[in-house]
């Protein structure tokens, strides 16, 4: 039997030492990454809950007081609502007279879906709403809303955009439905994030979307830019949920549409953003707002989309 020498053993010991150090390093790194992921997930879930709670407090204030006072309390200074185009809520509502008590109309709503940025400073909610005529005790209007919330300098979440469409809701608002949360973006910026650079990147996605929509068709544009969890709200119909449902809806629309963004903003984490503006389809015009989320490659994809035609006098 061949004898094993000292010089034969030393390299093996050294290699085993290197292997053990490598294993310990990998284990430590994996544990750190796992804890970081769990911490980020917990932070995002906390931010999501805070946003949904704020939305429900907003709705409760509308029912307990009136629509005007609740909107003034929960909107950001630059927050807009669409009626039919974007108007500054605080500037518009503050000029209105105090509503009578009890108010003639009561607006109530409830979020059923929500998503928030990795930083927890930007997110959106959507769900049904009912505007009740209190004298007739019957709905005067109903449909689906979507709101974008942004964390302000003082840390409070405020509404920066609110957009509703008219459609049959089908069931009363109960405030008991669970809220489904969207999948968090897996995008991670390389190095320090630059909000303005991310905003310009989102606007470039808007321009590409419009270019395809205008030169080819709206169905081709949505087919390219939809996220798998995308939602679409349109007057007269139930929300289209999921990219397959939206693609089926727009598949027959060979119309060419030009989209003109008026404003865009992004989260400080660079993974979620929104834009709103106007659209043109020949002689027809209207307004739109959409939320974009980055995929793991960094490409912007549409996760929420709402558009309404402008009244005849506004076209």
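In my numbering, the protein residues as written are 172 to 486.
For glycine and all other residues, C-beta sits at the position ideal for the given N, C-alpha and C.
Keep in mind the model is a prediction, meaning the values are calculated, not measured.
- Boundaries (first-last residue) of the alpha helix (DSSP H) holding residue 240: For residue 240, the uninterrupted alpha helix (DSSP H) run begins and ends at 238 to 245, by DSSP.
- Between residue 355 and the rest of its own chain, which residues show a CB-CB distance below 7 Å, the 5 nearest in sequence each way excluded? For residue 355, where only same-chain residues beyond five positions count, the Cβ hits under 7 Å are 215 and 289.
- Span of the alpha helix (DSSP H) around residue 435: Note, residue 435: premise wrong, no alpha helix (DSSP H); beta strand (DSSP E) at 429 to 437.
- Should residue 464 and residue 456 be called a contact, given that it needs their Cβ atoms to be closer than 7 Å? No, the pair does not count as a contact, with Cβ atoms beyond the cut-off.
- Residues near residue 422 by beta carbon distance below 8 Å, same chain, minus five either side: Around residue 422: 390.
- List the endpoints of the continuous beta strand (DSSP E) containing residue 398. According to the DSSP assignment, residue 398 belongs to the beta strand (DSSP E) that extends over 397 to 404.
- Task: Quick one: grab the DSSP three-state call for residue 478.
- Result: Residue state, collapsed to three classes: strand.
- When we look at the beta-carbon of residue 426 and count the other beta-carbons within 10 Å, is it buried (16 or more) or exposed? Classified as exposed, residue 426 has fewer than 16 neighbouring CB atoms from the shown chains inside 10 Å of its CB.
- Compute the beta-carbon to beta-carbon distance between residue 156 and residue 255, rounded to the nearest angstrom, for a pair I have assumed lies under 8 Å. With the chain running from 172 to 486 in the structure shown, residue 156 is simply not present.
- What does a CB cutoff of less than 8 Å around residue 488 pick up in its chain, not counting 5 residues either side in sequence? Since the first residue of the chain shown is 172 and the last is 486, residue 488 is not available in this structure.
- Message: Is the beta carbon of residue 384 closer than 7 Å to that of residue 449?
- Response: No; because the gap between Cβ atoms is not below 7 Å, this pair is not in contact.
- Message: So, for residue 373: in the same chain, excluding its five sequence neighbours on each side, which residues have a beta-carbon less than 7 Å away from its beta-carbon?
- Response: Around residue 373: 435, 437, 444, 446, 463 and 471.
- Item | Selected residue, minimal CA-CA separation from residue 442, among 474, 420, 417 and 459 | Of the listed residues, the one whose Cα sits closest to residue 442 is 474.
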